[in-house]
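Q: Once you've had a glance at the structure underneath, I'll fire off some questions.
2 protein chains.
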Amino acid sequence: MENFIHDIPTKVYFGKGQISHLDEALRQFGTRVLMTYGGGSIKKTGLYDEIMKILNDGGFTVFELSGIDPNPRVESVEEGVKICRENKVDVVLAVGGGSTLDCSKAICSGYYYEGDDLWYMIKNVKGRKKSLPLVDILTISATGSDFDAGGVISNMKTNEKLGASFTYPSVSILDPTYTFTVSRYQTAAGAADIMSHIMEGYFSVTPDSELSDGLAETILKTVIKNAPIALAEPENYSARANLMHAESIACSGIPEFGKKYTGWPCHAMEHQLSAFYDITHGVGLAILTPRWMRHILKKDPSCQWRFVRFARNVWGLEGYDEAELAQKGIDALEKFFTDCGIPMTLTDLGIGTEHFEAMAAQANGGGRLSGAFVPLTEEDVVEIYKACL
Amino acid sequence: MENFIHDIPTKVYFGKGQISHLDEALRQFGTRVLMTYGGGSIKKTGLYDEIMKILNDGGFTVFELSGIDPNPRVESVEEGVKICRENKVDVVLAVGGGSTLDCSKAICSGYYYEGDDLWYMIKNVKGRKKSLPLVDILTISATGSDFDAGGVISNMKTNEKLGASFTYPSVSILDPTYTFTVSRYQTAAGAADIMSHIMEGYFSVTPDSELSDGLAETILKTVIKNAPIALAEPENYSARANLMHAESIACSGIPEFGKKYTGWPCHAMEHQLSAFYDITHGVGLAILTPRWMRHILKKDPSCQWRFVRFARNVWGLEGYDEAELAQKGIDALEKFFTDCGIPMTLTDLGIGTEHFEAMAAQANGGGRLSGAFVPLTEEDVVEIYKACL
Numbered sequence: 000m001e002n003f004i005h006d007i008p009t010k011v012y013f014g015k016g017q018i019s020h021l022d023e024a025l026r027q028f029g030t031r032v033l034m035t036y037g038g039g040s041i042k043k044t045g046l047y048d049e050i051m052k053i054l055n056d057g058g059f060t061v062f063e064l065s066g067i068d069p070n071p072r073v074e075s076v077e078e079g080v081k082i083c084r085e086n087k088v089d090v091v092l093a094v095g096g097g098s099t100l101d102c103s104k105a106i107c108s109g110y111y112y113e114g115d116d117l118w119y120m121i122k123n124v125k126g127r128k129k130s131l132p133l134v135d136i137l138t139i140s141a142t143g144s145d146f147d148a149g150g151v152i153s154n155m156k157t158n159e160k161l162g163a164s165f166t167y168p169s170v171s172i173l174d175p176t177y178t179f180t181v182s183r184y185q186t187a188a189g190a191a192d193i194m195s196h197i198m199e200g201y202f203s204v205t206p207d208s209e210l211s212d213g214l215a216e217t218i219l220k221t222v223i224k225n226a227p228i229a230l231a232e233p234e235n236y237s238a239r240a241n242l243m244h245a246e247s248i249a250c251s252g253i254p255e256f257g258k259k260y261t262g263w264p265c266h267a268m269e270h271q272l273s274a275f276y277d278i279t280h281g282v283g284l285a286i287l288t289p290r291w292m293r294h295i296l297k298k299d300p301s302c303q304w305r306f307v308r309f310a311r312n313v314w315g316l317e318g319y320d321e322a323e324l325a326q327k328g329i330d331a332l333e334k335f336f337t338d339c340g341i342p343m344t345l346t347d348l349g350i351g352t353e354h355f356e357a358m359a360a361q362a363n364g365g366g367r368l369s370g371a372f373v374p375l376t377e378e379d380v381v382e383i384y385k386a387c388l
Numbered sequence: 000m001e002n003f004i005h006d007i008p009t010k011v012y013f014g015k016g017q018i019s020h021l022d023e024a025l026r027q028f029g030t031r032v033l034m035t036y037g038g039g040s041i042k043k044t045g046l047y048d049e050i051m052k053i054l055n056d057g058g059f060t061v062f063e064l065s066g067i068d069p070n071p072r073v074e075s076v077e078e079g080v081k082i083c084r085e086n087k088v089d090v091v092l093a094v095g096g097g098s099t100l101d102c103s104k105a106i107c108s109g110y111y112y113e114g115d116d117l118w119y120m121i122k123n124v125k126g127r128k129k130s131l132p133l134v135d136i137l138t139i140s141a142t143g144s145d146f147d148a149g150g151v152i153s154n155m156k157t158n159e160k161l162g163a164s165f166t167y168p169s170v171s172i173l174d175p176t177y178t179f180t181v182s183r184y185q186t187a188a189g190a191a192d193i194m195s196h197i198m199e200g201y202f203s204v205t206p207d208s209e210l211s212d213g214l215a216e217t218i219l220k221t222v223i224k225n226a227p228i229a230l231a232e233p234e235n236y237s238a239r240a241n242l243m244h245a246e247s248i249a250c251s252g253i254p255e256f257g258k259k260y261t262g263w264p265c266h267a268m269e270h271q272l273s274a275f276y277d278i279t280h281g282v283g284l285a286i287l288t289p290r291w292m293r294h295i296l297k298k299d300p301s302c303q304w305r306f307v308r309f310a311r312n313v314w315g316l317e318g319y320d321e322a323e324l325a326q327k328g329i330d331a332l333e334k335f336f337t338d339c340g341i342p343m344t345l346t347d348l349g350i351g352t353e354h355f356e357a358m359a360a361q362a363n364g365g366g367r368l369s370g371a372f373v374p375l376t377e378e379d380v381v382e383i384y385k386a387c388l
């Protein structure tokens, strides 16, 4: 087992009606609030009004930044920082999914950044920095941004999509009922995102981090069981709650404690798809992951042991032919994504081969994929992209 | 799934050599340190000298409280508070197992307690209070006191052993190599303690908290696999590391998130054994747990579904006769404890029936066992004690 450091300061209120803690969560930091959100679905669902009532009743002064994109842009970060500085905001309240949370984290860190070029900050931030406090209310189970420090910001001018570690939320309010209205497509994409966060770390060379492996398998099985229920019955509380519980832990680092870090190769490859084509992150991951698995299993059959465990412990597959079992586990994953209604080829998304070399070069920038479970070259990445057509 | 709040501020450094972070862990709070420890085994192993070198090199001023008992006494708490107050201590450094950590937590809380009667404080503390900061270095895998706020203190004058929530450690240093010298008996008792922390919450009426149940089963399987290895090869790093990882999470509350609280009936019953007879906590739990299981399964057969899951998912047992499976899971647990070398009857420990009624009354003080998975009366508790003879 490898050494690790556990250091997650976020307080999580999980369950129905936990918005009752919103006032106290904000007030500990002050009364001047920047509320951030996306395209306005929270106005349709009534959540916006519910929050504004609490904030008005509590005497908070509220500023707003709306229209944060699904792949949040550096321009939104710049705007948020400007609002916070001009209005001496005490705390940011992010209401939405991973995109809104990621953008808000960058705003919180950017507030104290002394330079003018926030894209430079995002590209160069190392470790946690002094930040404005962040409180969030999650409305989709996907990224786990409510229980980690990371954020991913896009610069469409340069076709770059970069992840960085900004700050942990101080308080996250996770009420599964807020995800009842999430569409089928986004529910499925969110499930794929959660599963990817696990699989990126699960496929590692470390053989003996047993608690992490068992937790990873538990999270995968939780999603495999509950995503189809949530797709069929969007207001099934138990299914939505299990998905939300899973998403929160999946990206926290906890399922990788004690394991050798892999560099998260599918995320590296997917971020290029989103950066060049602005697609839904979870869909990109669902398309890439089975192809990546088949590629590395063929490239280095000595990694088969891990796929056999995946087939047995996650998918409940049985049999003595290990090579066959390994393949069947990957097939089961691909079928699961297909059954969830995810378009499973790049062709389906209108993406062709035109940028594969450029994307591969960016995915492996600085040789970051050389530390993956099975090390990848740019040529490998191009082959994996081609297998997704 | 039930609502829950996750709020654990402890920073954990896990792995070989993490003592390199000790100086910075303490220095953030000041340079006047109370170092607490037990019977002096850390002097035999060399850990005491290693720590003192770091503290001396760092220019810390160190006070010491040694001789903390396996069931820590209120007198040690009183002495520690006195030393801290007289010497304006900035931070407490606990080096040892759960007993030393529990006592140190009570000292940290007691420091700011305004009354004179610390036993009164321990009996009446509610929630976390202002406390001196606590840093710990763990030397045995058992209680999980390194990653929770609780502590259990004994008053041998009144035959009382009480648990309370004091404060979370600010920093816990978990180096599995420090457990290489733990005796067979204490390694086995620690394993039983870890497993009990899981089973107390696992046997709950909530059917759908899937991540918590899967994590609980993972921790149990981790202990079942690794405790025998650690007993056979005390310096097997992987086995010791897996046990330490398991113990840290087991008592954190995380494996019970989303589940209805049970009141931890075996702990309630065991605390009376320790209070009246000063026995090893984990041994008392190992003796009680299988008898408690058989008692509640007989009392209320409708709880059988949970034991069937336990048999299948934890012990890997197969079969279609669910009543038989349920019994076999309990038998497997009892055999495991026996194989670990734990004395499995109260008679083995020289305990007779003389205090069973008094202990049962205290175990169920205030009707606390009425909320258990299967509610227990004092009569039930006496029967369970008798079954342990």
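So the sequence lines, in the order shown, correspond to chains G and X. Residues in the first sequence are numbered consecutively from 0, following this note's numbering. Residues in the second sequence are numbered consecutively from 0, following this note's numbering. Just so you know, even glycine gets a beta-carbon here, dropped at the ideal spot from N, CA and C.
Let's test the definition: count the other Cβ atoms within 10 Å of the Cβ of G:P132 and tell me whether it reaches 16, buried, or not, exposed.
A: By the neighbour-count rule (16 or more Cβ atoms within 10 Å), G:P132 is buried.
Q: Rounded to whole angstroms, what is the Cα-Cα separation between G:L284 and G:A188?
A: The straight-line gap from Cα to Cα measures roughly 9 Å.
Q: Decide if G:Y319 is buried, meaning its Cβ has at least 16 other Cβ atoms within 10 Å, or exposed.
A: Exposed.
Q: When DSSP builds the beta bridges, which residues end up paired with X:N154?
A: Answer by DSSP bridge pairing, in chain order: X:E159.
Q: Looking at chain X, is there any beta carbon in it that lies within less than 7 Å of the beta carbon of G:Y12?
A: It does; some Cβ of chain X falls within 7 Å.
Q: Should the segment 21-31 of chain G be regarded as contacting the segment 113-130 of chain G, the criterion being three or more beta carbon pairs within less than 8 Å?
A: Touching, no.
Q: Pick helix, strand or coil for G:D89, following the three-state DSSP scheme.
A: If DSSP states are grouped into helix, strand and coil, G:D89 belongs with coil.
Q: Please classify G:T142: does DSSP put it in a helix, a strand, or coil?
A: Residue state, collapsed to three classes: coil.
Q: Just tell me which of X:S140, X:E234, X:G351 has its CA closest to the CA of X:K385.
A: X:K385 has its Cα closest to that of X:G351, out of X:S140, X:E234, X:G351.
Q: Under a CB-based cut-off of 7 Å, is X:D6 close to chain G?
A: X:D6 counts as touching chain G.
Q: Given X:T180, which residues of its chain have a CB within under 6 Å of its CB, disregarding the five upstream and five downstream residues?
A: T44, listed in sequence order.
Q: So if I threshold CB-CB distances at 8 Å, which residues from the segment 196-207 of chain X count as touching chain G?
A: Listed in sequence order: D207.
Q: How many Å lie between G:S108 and G:S153 at the Cα?
A: Looking at the two C-alpha atoms, the distance is approximately 16 Å.
Q: What first and last residue would you give for the alpha helix (DSSP H) that runs through G:F13?
A: No alpha helix (DSSP H) holds G:F13; the beta strand (DSSP E) holding it covers 10-13.
Q: Anything in the segment 20-47 of chain X with a Cβ closer than 9 Å to a Cβ of chain G? List those residues in chain order, please.
A: The segment 20-47 of chain X vs chain G, Cβ under 9 Å: H20.
Q: DSSP three-state call for X:I172: helix, strand or coil?
A: It is a strand residue.
Q: Starting from X:L64, follow the beta strand (DSSP E) in both directions and report where the run begins and ends.
A: X:L64 -> beta strand (DSSP E) spans 60-64.
Q: Output the residue ranges of the alpha helix (DSSP H) runs that lie fully inside the segment 183-230 of chain G and measure 4 residues or longer, sorted by chain position.
A: With a minimum length of 4 residues, the continuous alpha helix (DSSP H) runs that stay inside the segment 183-230 of chain G are 183-201.
Q: Does G:L214 get closer than 7 Å to chain X when you measure Cβ to Cβ?
A: True, the Cβ-Cβ gap to chain X drops below 7 Å.
Q: So which of X:V73, X:L375, X:G79, X:W304 has the shortest CA-CA distance to X:E159?
A: It is X:V73 whose Cα lies nearest to the Cα of X:E159.
Q: For X:D56 and X:K15, what's the separation of their Cα atoms in angstroms?
A: Each residue's Cα considered, the two are about 21 Å apart.
Q: Identify every residue that forms a DSSP beta bridge with G:S164.
A: Partner(s): G:G149.
Q: Taking the beta strand (DSSP E) that G:F3 falls in, what are its first and last residues?
A: Its beta strand (DSSP E) spans residues 3-5.
Q: Name the chain G residues that come within less than 9 Å of X:A420, Cβ to Cβ?
A: Any question about residue 420 of chain X goes unanswered here, given that chain X covers just 0 to 388.
Q: Hey, is the segment 96-114 of chain G in contact with the segment 34-49 of chain G, meaning 3+ C-beta pairs nearer than 8 Å?
A: Yes, since at least three Cβ pairs between the segment 96-114 of chain G and the segment 34-49 of chain G fall closer than 8 Å, the two stretches touch.
Q: Taking only the alpha-carbon atoms, compute the straight-line gap between X:R183 and G:K258 and give it to the nearest angstrom.
A: Each residue's Cα considered, the two are about 28 Å apart.
Q: Which residues of chain X have a Cβ atom closer than 9 Å to the Cβ of G:T138, listed in chain order?
A: None at all; the shortest Cβ gap to chain X is about 18 Å.
Q: Could you say which of X:L230, X:F275, X:E378, X:Q361 lies nearest to X:D338 if we only look at CA atoms?
A: Among X:L230, X:F275, X:E378, X:Q361, the Cα nearest to that of X:D338 is on X:L230.
Q: Say whether chain X places a C-beta atom closer than 7 Å to the C-beta of G:A245.
A: Judged by the 7 Å Cβ criterion, G:A245 is in contact with chain X.
Q: Quick check: the segment 248-255 of chain X against the segment 330-346 of chain X, are there 3 or more CB pairs under 8 Å?
A: In short, these stretches do not touch, since the Cβ pair count stays below three.
Q: Under 7 Å Cβ to Cβ from X:V373, same chain only, skipping five residues before and after it: list those, please.
A: Result list for X:V373: I295, K298, D299, C302, in chain order.
Q: Return helix, strand or coil for X:V373, following the three-state DSSP convention.
A: DSSP places X:V373 in coil when its eight states are reduced to three.
Q: Of the choices X:I4, X:G97, X:S140, whose alpha-carbon is the least far from that of X:E226?
A: Per the sequence shown, the amino acid found at residue 226 of chain X is Ala instead of Glu. The shortest C-alpha separation from X:A226 is found at X:S140.
Q: Could you run through the segment 216-227 of chain X and flag, in chain order, every residue whose CB is less than 8 Å away from some CB of chain G?
A: Residues passing the 8 Å Cβ filter: E216, T217, I218, K220, T221, K224, N225.
Q: Is it true that the segment 235-251 of chain X meets the segment 216-226 of chain X, where meeting means three or more beta-carbon pairs spaced less than 8 Å apart?
A: A contact exists between the segment 235-251 of chain X and the segment 216-226 of chain X.
Q: Among X:E49, X:V94, X:D212, whose alpha-carbon lies nearest the alpha-carbon of X:G66?
A: That would be X:V94, whose Cα lies nearest to the Cα of X:G66.
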